[in-house]
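These notes are about the structure you will find just below.
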Amino acid sequence: MHPLKLLFFLLLAGAAGTLFRFLCLRLAAGCAAFFPFGTFAVNVVGAFLAGLLFALLRTRFQSLELWAPVLMIGFLGAFTTFSTLMLETVNLALAGAWGKAALNLLGQNCSGLLAAFAGIAVGRIL
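Using the numbering used here, read the sequence shown as starting at 40 and increasing by one per residue.
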């Protein structure tokens with residue numbers, strides 16, 4: 040793929056990932072005062088999709104592997120929210136909600152790890 044074409048598709052995928060992230064966070068906005076469920080869901084879904092795409096592009100759709108940067112870096116890079124995860128965790132800790140801070144940090148990391156494994160497993164089955 041021509042480098043300028045790749046950059047164009049990265050830009051479009053990043054815009055789409057940003058839009059989907061925004062919509063997911065808006066859907067969960069009512070819960071944000073209690074716990075950052077929107078960020079939690081986006082990160083777990085993003086980890087699952089990363090595993091699924093990795094497996095599918097490596098095994099079943101190898102001819103589409105040149106689209107991996109567009110999907111993984113462009114879309115998923117804009118969709119997932121590691122920096123938001125860190126900031127929300129720090130803010131919970133600063134507010135004295137140490138249990139929620141630990142749940143947020145450990146829960147998202149453990150869930151994300153399991154989701155990535157699940158995505159790879161599903162991708163291998165498909």
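C-beta: ideal position from N, C-alpha, C; glycine also. Computed from a prediction, not measured in an experiment: that's the story for all the values here.
If you look at MET111, you'll find it isn't in any alpha helix (DSSP H); DSSP assigns it neither H nor E. Burial check for ARG99: the Cβ neighbour count within 10 Å stays below 16, so the residue is exposed. Residue range 137 to 164 is occupied by the alpha helix (DSSP H) that includes PHE156. In the DSSP assignment, PHE79 falls within the alpha helix (DSSP H) that extends over 76 to 94. By the beta-carbon neighbour count (other beta carbons within 10 angstroms, threshold 16), CYS149 is exposed. Bounds of the alpha helix (DSSP H) holding ALA55 are 42 to 66. By the Cβ-count criterion, PRO42 is exposed, with fewer than 16 other Cβ atoms from all chains shown falling within 10 Å of its own Cβ.
Looking at MET111, PHE87 and GLY138, the one whose alpha-carbon comes closest to that of LEU153 is PHE87. In the structure shown, PHE73 adopts coil according to DSSP, grouped into three states. Of the residues LEU62, ALA72 and ILE159, the one whose Cα lies closest to the Cα of THR128 is ALA72. Taking a contact as a CB-CB distance under 8 Å, the pair ALA117 and ARG60 counts as one, their CB atoms being some 7 Å apart. Beyond the five residues adjoining it in sequence on each side, CYS70 comes within less than 8 Å, by CB distance, of PHE76 and GLY77 in the same chain, given in chain order. Per DSSP, reduced to three states, the secondary structure at THR128 is helical.
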